[in-house]
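Q: FYI, UniProt numbering numbers position 47 of the sequence shown as 47, with every residue one higher than the one before it. Cβ coordinates follow ideal geometry from the N, Cα and C atoms, glycine included. Following this message is one structure expressed as C-alpha cells.
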Amino acid sequence: MKGEIDYAHLIQLTLSGNKEAYSELYDVTIQEVYKTAHFLIEDKTDVDDVVQEVYIQLYESLRKYDREKPFRPWLIGLAIKQIHSYRRKRWMRLRIIKKAEEQRKPVQIDFSNDVVSKISNQKLIELIHKLPYKLKQVIILRYLHDYSQEEVAQILHIPIGTVKSRIHAALKKLRQKEQVEEIFLGEVGNVK
Numbered sequence: 001m002k003g004e005i006d007y008a009h010l011i012q013l014t015l016s017g018n019k020e021a022y023s024e025l026y027d028v029t030i031q032e033v034y035k036t037a038h039f040l041i042e043d044k045t046d047v048d049d050v051v052q053e054v055y056i057q058l059y060e061s062l063r064k065y066d067r068e069k070p071f072r073p074w075l076i077g078l079a080i081k082q083i084h085s086y087r088r089k090r091w092m093r094l095r096i097i098k099k100a101e102e103q104r105k106p107v108q109i110d111f112s113n114d115v116v117s118k119i120s121n122q123k124l125i126e127l128i129h130k131l132p133y134k135l136k137q138v139i140i141l142r143y144l145h146d147y148s149q150e151e152v153a154q155i156l157h158i159p160i161g162t163v164k165s166r167i168h169a170a171l172k173k174l175r176q177k178e179q180v181e182e183i184f185l186g187e188v189g190n191v192k
C-alpha cells in the first residue's frame, strides 16, 4: 500500500527519546489518521482536537505496541478508539444540552458542516456521510484507505464476516440512493 517505511526503526528511535523520529512518524501517518477522523466525525471543528488526542495516545501507548503486528492498522485502531470516545462525549454533551433546553430557554448551537475540499466526487461523499456510523466506518477504511477486509476487521476488533456484511449493506444502501458502481472501481457486487 504505502512506500516502504521502516516503522519499527522509527518506533525504536522514538522510544529511545528521539523527537525527530517521532516527528517523522507523525509526518508519514498524519494524512491517513486525519482522513479517518475527518470522515467519521460529523462536526469538522472537532477533527483537529481528536487527531491531536490520537497522537498523544500514540506517544503514550507506543511501548505497548506489539511489533509482530502491522503498525498502520494498530495506529488506525487507536484513532478509531479516540473517535468512539469523542462520539460518546459528544452524545453525552448533546443529551445534557437537550435536557437544558427542555428545562429552560433554548440553547443555540451551530453545528456547521464544512465541505470536503479535495474529494472529486462530492455526491458520493454526501451519500457516504448519510450512512449509519458502523457502515460508514467500513467504507472509509476499505475504500478510502484501501485496507483489506481482514485489516478492517483487525482495526475495528470485529469478525471478518461482520466486515463483509457491513460492506455489503453499505454498498446496497449507496446503490439505492445513487448508482455509484464506477466509483468503487468494479468492486461493487464483487465483495471479497
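1) Per DSSP, what kind of secondary structure is Ser148 in: helix, strand or coil?
2) I need the straight-line Cα distance from Gly77 to Val47, nearest angstrom please.
3) Mind checking whether Ile139 and Tyr86 have CB atoms under 8 angstroms apart?
4) Would you please state the rounded distance, in angstroms, between the beta carbons of Leu62 and Thr14? I believe it to be under 8 angstroms.
5) Does the Cβ-Cβ distance between Leu127 and Lys164 come in under 8 angstroms?
6) So Tyr59 is in the alpha helix (DSSP H); what residue range does that whole segment cover?
7) Since Lys35 and Leu144 should fall inside the 8 angstroms C-beta cutoff, what is the C-beta to C-beta distance between them, to a whole number of angstroms?
8) In angstroms, rounded to a whole number, what distance separates the CA positions of Arg166 and Gln82?
9) Quick test of your reading: Leu135 and Ala169, contact by CB under 8 angstroms. State the CB separation rounded to the nearest angstrom.
10) Anyone know if the C-beta pair for Phe71 and Tyr22 falls short of 8 angstroms?
A: To lay it out plainly:
1) Collapsing the DSSP output to three states places Ser148 in coil.
2) Cα atoms of Gly77 and Val47: separation of roughly 16 angstroms, rounded to the nearest angstrom.
3) No, the pair does not count as a contact, with Cβ atoms beyond the cut-off.
4) 6 angstroms between Cβ atoms; contact.
5) Not in contact: Leu127 and Lys164 (Cβ atoms no closer than 8 angstroms).
6) From DSSP, the alpha helix (DSSP H) with Tyr59 extends over Val47 to Ser61.
7) Taking 8 angstroms as the upper bound for CB-CB distance, Lys35 and Leu144 are in contact here, some 6 angstroms apart.
8) Straight-line measurement puts the Cα of Gln82 at about 21 angstroms from the Cα of Arg166.
9) Right, their Cβ atoms sit about 6 angstroms apart.
10) Going by C-beta atoms, Phe71 is not nearer than 8 angstroms to Tyr22.
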